[in-house]
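**Q** The structure under discussion is supplied below as structure tokens; questions concerning it will follow.
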Ligand SMILES: *[C@@H]1O[C@H](CO)[C@@H](O)[C@H](O)[C@H]1NC(C)=O
């Protein structure tokens, strides 16, 4: 029951996006998505995700260290996927997911397949939408708190960025994205073993959508 609920909400959020994760273990979930009992109308719900993204993009645009964090214009998506992989894998292992390796590989597979050049706004969009759609699906995000939550997400990434950069960490940008995302989800009480498969699904879908728009 609960997985179906989640998938229904997720579908509403993903409206119109292609859910093509056939290569992953989520393929078993897909038939549920195609169920014709789905209710098609969710316009109000999407505005919280849009508001979250707009607020977050503005923070990134106006904050020097965040502009830096989201600037990977010097590398291609395949290289980016290689660099985020260890952090994705470590989160999956930390939460003792049975298929940690497979799930992590499936996440980065969709990054590596992204054909366009990476730019700041597309990356900020992917990260913002990933956390906001999960927060929405878990009943945390609404239109009232969307701006505050977006500012909070930005500030978690910013704090990590300052810390890792100051420490002279070569991988500071990737690390602050990974840690900022975890910190934010934890602050919303939605970082859990149970939620990680949905997080993976949303993240992969953001890359698919970015690549197809
Ligand atoms: C960033 O990339 C997206 C996707 O390729 C593209 O639509 C957008 O115009 C790009 N933005 C900039 C500022 O280059």
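Numbering (mature numbering (1 follows the signal peptide of the UniProt record, and there is no 0)), first residue to last: -22 to -1, 1 to 191.
For each residue, glycine too, the CB sits at the ideal point set by N, CA and C.
1. Distance check for residue 87 and residue 145, CA to CA, integer angstroms please.
2. How would you label residue 112, buried or exposed, when you count the other beta carbons within 10 angstroms and need 16 or more for buried?
3. What would DSSP say about residue 116, mapped onto helix, strand or coil?
4. Residues in its own chain within less than 6 Å of residue 82 by CB, not counting five upstream and five downstream?
5. Determine the direct distance from the alpha carbon of residue 138 to that of residue 157, and round the result to whole angstroms.
6. Kindly indicate which three-state DSSP category residue 92 falls into: helix, strand or coil?
7. Going by the C-beta, is residue 82 closer than 7 Å to any heavy atom of ligand 1?
8. Hey, how far is the Cα of residue 116 from the Cα of residue 32?
9. So residue 58 and residue 96 are in contact, right, with Cβ under 8 Å, and what is the actual spacing, rounded?
10. Please confirm whether residue 169 and residue 176 have their CB atoms less than 8 Å apart.
11. DSSP three-state call for residue 78: helix, strand or coil?
12. At a cut-off of 7 Å, would you count residue 123 as near ligand 1, judging by its Cβ distance to the nearest heavy atom?
13. Whose CB is closer than 6 Å to a heavy atom of ligand 1? List the residues in chain order.
14. Given a cut-off of 8 Å on the beta-carbon distance, is the pair residue 136 and residue 98 in contact?
**A** Walking through what the data contain:
1. 30 Å
2. Residue 112 is buried by the Cβ-count criterion.
3. coil
4. 66, 67 and 70
5. One C-alpha to the other measures close to 7 Å.
6. Correct three-state label for residue 92: coil.
7. no
8. 21 Å
9. 6 Å
10. Their beta carbons are not under 8 Å apart, which means residue 169 does not touch residue 176 by this criterion.
11. helix
12. no
13. Those residues placing their Cβ nearer than 6 Å to any heavy atom of ligand 1 are, following chain order, 94, 97, 99 and 100.
14. no
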